[in-house]
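Protein chains in written order, with my numbering: chain A, 7 to 347; chain B, 2 to 310.
This report refers to the structure that appears directly beneath it.
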């Protein structure tokens with residue numbers, strides 16, 4: 007019998023059973039499948055059982071007593087999807103976000119997400135909104151969607167099952183590629199780019215990898231149901247993936263103070279989330295926050311224009327002046343059209 | 002994920018779905034399951050062989066197609082789909098984070114209800130897996146009212162600040178929201194300009210949804226903004242040093258022309274001075290505008306403004 011068919015038969019049998027079904031009975035019901043030697047039959051059933059559990063099928067083994075015999079039983083109350091009683095707005099939010107993520111081409115756990123959407127839509131009938139939200143996620147450049155999407159799916163499975171991955175990684179900061187074994191802890195999306203965070207065996211520490219820079223990826227297939235690693239309890243993705251360029255952890259933290267004026271003063275909180283803010287005067291604000299990549303901050307401050315100034319420390323001001331001088335030197339007026347090298 | 006697993010999940014959903022929607026068309030069912038018509042018919046064939054021992058005629062799932070519509074007479078207790086697995090709930094919750102800043106209380110209450118319908122034994126695993134995707138985006142608050150306006154087909158008004166000019170009032174028919182490289186855009190028809198336009202959400206002020214209804218065109222898809230595909234007459238040549246070149250190549254692909262010194266050159270649209278200067282400054286001296294001279298001057302002006310000179 008086809009394996010899919012056999013597992014569905016098992017589902018139908020167990021959902022209908024009022025009494026526990028013993029292993030001996032199962033063998034009688036499926037003589038062609040669970041026949042043969044005891045060992046082989048048991049191994050086959052163990053694999054089917056594992057598949058059922060992965061499907062979320064609440065299968066348990068009950069030890070019998072005077073009134074009940076030993077065997078397998080399923081808790082029907084737990085099996086069936088109950089109505090979540092989502093309001094129209096709640097359903098719209100989940101549906102719009104889920105569909106947009108699916109349509110975006112690159113989201114980890116796409117199969118899981120597609121099934122989840124079907125299930126939450128099960129009771130909704132025809133009232134599901136058509137989302138008009140589109141997201142371009144995860145790719146460094148056009149045409150990479152398929153590759154990134156496939157990598158994300160592999161990484162999602164590896165993250166969930168705690169299996170290590172072998173990856174070939176090309177960093178723009180170095181020529182060539184490196185081969186690494188990584189314990190994948192999680193995936194984060196920042197400004198449209200997916201990042202993998204995990205323990206890198208090559209560098210012996212936690213590292214981040216942009217998913218679109220992974221050239222090849224293999225998930226450890228040995229003992230698929232046994233985890234290869236544990237994620238430390240205090241691990242947090244947020245602590246390892248920068249939201250803003252000045253949060254890249256290239257240097258020791260330095261506290262930088264900025265002064266914001268005009269329209270930038272009222273936007274200080276959203277420009278520098280997490281910064282300690284204090285009003286200096288009417289329409290003038292001061293923002294203080296730690297910076298681990300000064301150049302990243304300086305470039306951003308330059309782009310904000312006259313309403314954002316670096317107050318300190320002196321090395322931050324010096325770096326800003328140096329970078330500004332460099333840009334000005336490059337953009338000095340020239341005679342006639344320039345020819346590139 | 003194995004094919005058997007995917008197929009089982011699909012089939013455990015298929016029977017309840019038909020049970021709930023008797024007479025659903027083959028086409029609609031295939032669409033709901035995101036499979037082809039041929040694959041669906043194959044799945045339906047398989048299901049007629051599924052049942053429970055002792056496999057008497059009444060013990061089989063009785064599912065059939067008549068006049069291109071699907072019916073089920075004996076569902077063998079598959080009248081509702083299985084609950085969400087931990088992985089399904091985690092993927093959905095992570096996707097919902099994409100719109101969090103714009104969804105108000107609806108998202109939090111939806112997630113609470115979602116957690117409530119996961120089997121208790123899977124909740125811890127759900128929380129563990131949910132922690133493994135962090136898709137919290139910087140979605141602006143305007144996304145909420147704009148999503149509503151698009152769904153309800155209502156015109157919106159807002160002030161739109163073009164670079165270097167004060168905000169100007171606009172009245173727009175909103176068609177689609179688009180997130181590209183972490184930046185959100187609204188595509189719509191602008192009454193003020195009498196043309197289809199793309200607006201950056203972070204430049205909108207005082208957004209209001211009006212009671213004026215409109216009919217959107219059938220296929221209003223926005224082009225993804227791409228500065229490398231700008232119009233040729235407005236193009237600006239920018240040269241990058243060898244240090245910045247790998248990042249530029251990664252972004253522009255074939256559009257980045259390699260130079261003898263290891264740097265690259267690209268052409269971008271020069272219709273937005275603010276975008277151009279911010280972009281060039283973000284390379285902190287590793288980028289140089291070659292021409293036109295007006296764009297070079299704009300970069301120099303922006304730097305002077307920044308350092309207050």
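Just so you know, even glycine gets a beta-carbon here, dropped at the ideal spot from N, CA and C.
Just so we're clear, the structure is a prediction, and the values are computed from it rather than from any experiment.
Among the options, nearest to residue i - alpha-carbon criterion
| i | options | result |
| --- | --- | --- |
| residue 60/B | 250/A, 230/A, 241/A, 20/A | 20/A |
| residue 216/A | 229/A, 143/A, 242/A | 143/A |
| residue 85/B | 73/B, 117/B, 110/B, 64/B | 117/B |
| residue 15/B | 75/A, 314/A, 128/A, 337/A | 128/A |
| residue 89/A | 152/B, 67/B, 111/B, 77/B | 111/B |
| residue 258/A | 219/A, 299/A, 279/A | 299/A |
| residue 199/A | 119/B, 181/B, 148/B | 181/B |
| residue 200/B | 121/B, 216/B, 173/B, 39/B | 173/B |
| residue 101/B | 65/B, 75/B, 142/B, 62/B | 142/B |
| residue 315/A | 334/A, 333/A, 291/A, 331/A | 291/A |
| residue 57/B | 73/A, 318/A, 35/A, 81/A | 35/A |
| residue 55/B | 323/A, 270/A, 37/A | 37/A |
| residue 22/B | 202/B, 109/B, 193/B, 74/B | 74/B |
Spatial distance of residue i from residue j (CA atoms)
| i | j | result |
| --- | --- | --- |
| residue 33/A | residue 47/A | 8 Å |
| residue 204/B | residue 186/B | 10 Å |
| residue 243/B | residue 12/B | 55 Å |
| residue 113/A | residue 158/A | 7 Å |
| residue 275/A | residue 33/B | 43 Å |
| residue 113/B | residue 271/B | 47 Å |
| residue 178/B | residue 104/B | 15 Å |
| residue 173/A | residue 136/B | 22 Å |
| residue 347/A | residue 291/B | Caution applies to residue 347/A, whose pLDDT of 45 falls short of 50 and renders its modelled position unreliable; the model cannot decide the point. |
| residue 121/B | residue 88/B | 14 Å |
| residue 40/A | residue 11/A | 14 Å |
| residue 240/A | residue 219/B | 50 Å |
| residue 71/A | residue 244/A | 51 Å |
| residue 181/A | residue 246/B | 12 Å |
| residue 284/A | residue 320/A | 20 Å |
| residue 30/B | residue 53/A | 30 Å |
| residue 119/B | residue 119/A | 14 Å |
| residue 297/B | residue 275/B | 13 Å |
| residue 233/B | residue 301/B | Its pLDDT being 45, under 50, residue 233/B is placed unreliably in this model, and the value from its coordinates should be taken loosely. Straight-line Cα distance between these residues: approximately 23 Å. |
Environment of residue i [buried if 16+ CB atoms lie within 10 Å]
| i | result |
| --- | --- |
| residue 156/B | buried |
| residue 213/B | exposed |
| residue 344/B | Lying before the first or after the last residue shown, residue 344/B is absent from chain B, which here runs from 2 to 310. |
| residue 166/A | buried |
| residue 231/A | exposed |
| residue 133/B | buried |
Neighbour flag for residue i against chain A, beta carbons, 9 Å
| i | result |
| --- | --- |
| residue 247/B | yes |
| residue 115/B | yes |
| residue 28/B | no |
| residue 237/B | no |
| residue 192/B | no |
| residue 172/B | no |
| residue 125/B | no |
| residue 35/B | yes |
Cutoff 6 Å; reference residue i; Cβ partners in own chain excluding five residues on either side
| i | result |
| --- | --- |
| residue 121/A | none |
| residue 93/B | none |
| residue 297/A | 252, 260, 262, 303 |
| residue 15/A | none |
| residue 126/B | 87 |
| residue 107/A | 113 |
Proximal residues to residue i (C-beta, below 7 Å), its chain only, five neighbours per side dropped
| i | result |
| --- | --- |
| residue 160/A | 223, 225 |
| residue 247/A | 194, 196, 201, 203, 214 |
| residue 26/B | 69, 70 |
| residue 53/B | 60, 77 |
| residue 206/A | 186, 188, 213 |
Minimum Cβ-Cβ distance from residue i to chain B less than 9 Å
| i | result |
| --- | --- |
| residue 220/A | no |
| residue 18/A | yes |
| residue 165/A | yes |
| residue 174/A | no |
| residue 85/A | yes |
| residue 65/A | no |
| residue 223/A | no |
| residue 306/A | yes |
| residue 231/A | no |
Nonlocal neighbours in the same chain, by C-beta distance under 8 Å from residue i, ignoring five residues either side
| i | result |
| --- | --- |
| residue 8/B | 44 |
| residue 233/A | 167, 168, 169 |
| residue 219/A | 146, 175, 176, 177, 178 |
| residue 140/B | 99, 100, 101, 102, 103, 180, 185 |
| residue 304/B | 282 |
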